[in-house]
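Heads up: take any position in the sequence shown, counting from 1, add 10, and you land on the numbering used here. By construction, the Cβ of each residue, glycine as well, lies at the ideal position given by its N, Cα and C atoms.
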Amino acid sequence: MKFIKKWFKQNKKVLKFTLLVFVVWQILIAVVIALGVKYFPTSNQYLYTEKQIVNPSWLWSRANFDGIHYLDIARRGYGVYQQAFFPLYPKLIAFLTPVFGGQALVAGWVISLVCFYFSLFFFYKLLALDFSERITKRTLFYLLVFPTTFFFTTVYTEALFFLLIIGSFYLARTK
Numbered sequence: 011m012k013f014i015k016k017w018f019k020q021n022k023k024v025l026k027f028t029l030l031v032f033v034v035w036q037i038l039i040a041v042v043i044a045l046g047v048k049y050f051p052t053s054n055q056y057l058y059t060e061k062q063i064v065n066p067s068w069l070w071s072r073a074n075f076d077g078i079h080y081l082d083i084a085r086r087g088y089g090v091y092q093q094a095f096f097p098l099y100p101k102l103i104a105f106l107t108p109v110f111g112g113q114a115l116v117a118g119w120v121i122s123l124v125c126f127y128f129s130l131f132f133f134y135k136l137l138a139l140d141f142s143e144r145i146t147k148r149t150l151f152y153l154l155v156f157p158t159t160f161f162f163t164t165v166y167t168e169a170l171f172f173l174l175i176i177g178s179f180y181l182a183r184t185k
């Protein structure tokens with residue numbers, strides 16, 4: 011417990027900054043999703059819309075396309091044509107689904123949110139090893155405004171992968 015308290019105390023500034031940036035970014039993403047759902051309704055020509063598993067559609071928009079495969083694997087195991095999806099993320103979803111009242115979609119979304127937040131934290135810490143605070147913050151900003159960054163908070167493996175990679179790079183540099 012002392013280690014955790016010490017770690018939080020040592021990283022308080024970076025944790026607060028990355029949390030603020032993350033929350034503001036999530037609010038902006040939520041606004042864009044809400045506008046998208048309102049003005050561009052889901053089209054039935056997309057694959058797997060018959061498997062849409064949840065309403066409201068703003069939450070469903072965080073798990074369509076490949077996300078439905080991860081949710082299916084978490085619930086039922088691997089099926090036909092799902093061998094391309096690595097097992098760690100679906101296993102985490104299956105493990106945490108009971109914590110979220112049986113809602114696999116919510117479990118997957120929360121996993122992605124938590125992984126991406128800590129990815130931002132470790133990305134900041136990694137950049138701070140070589141660059142000024144100004145450059146580090148600017149780089150974080152550029153990452154967040156990149157158009158496809160929203161995939162980090164969908165039910166895809168991207169956030170988990172980014173966390174594992176950035177965390178590995180940071181630990182390799184500091185340990």
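Relative to TRP119, the option among ASN21, LEU174, PHE161 whose CA is nearest is PHE161. For the 8 Å CB-CB criterion, SER122 and ALA84 do not form a contact. For THR184, the enclosing alpha helix (DSSP H) has its first and last residue at 168 to 184. Beyond the five residues adjoining it in sequence on each side, THR107 comes within less than 6 Å, by CB distance, of ALA114, ALA117 in the same chain, given in chain order. In the structure shown, THR159 falls within a helical segment according to DSSP collapsed to helix, strand and coil.
When secondary structure is reduced to three states using DSSP, ASP76 falls in the helix class. In the three-state reduction of the DSSP assignment, THR164 falls in the coil class, being assigned neither a helical nor a strand state. Here the alpha carbons of ILE175 and ARG72 stand approximately 23 Å from one another. In chain order, ILE176 place their CB closer than 6 Å to the CB of PHE133, counting only its own chain and leaving out the 5 sequence neighbours on each side.
Secondary structure of TYR91 (DSSP, three-state): coil. If you draw a straight line from the Cα of THR146 to the Cα of ARG86, it is about 42 Å long. When secondary structure is reduced to three states using DSSP, GLN113 falls in the coil class, being assigned neither helix nor strand.
Cβ-Cβ separation between GLN20 and THR163: approximately 27 Å, too far for a contact (criterion under 8 Å).
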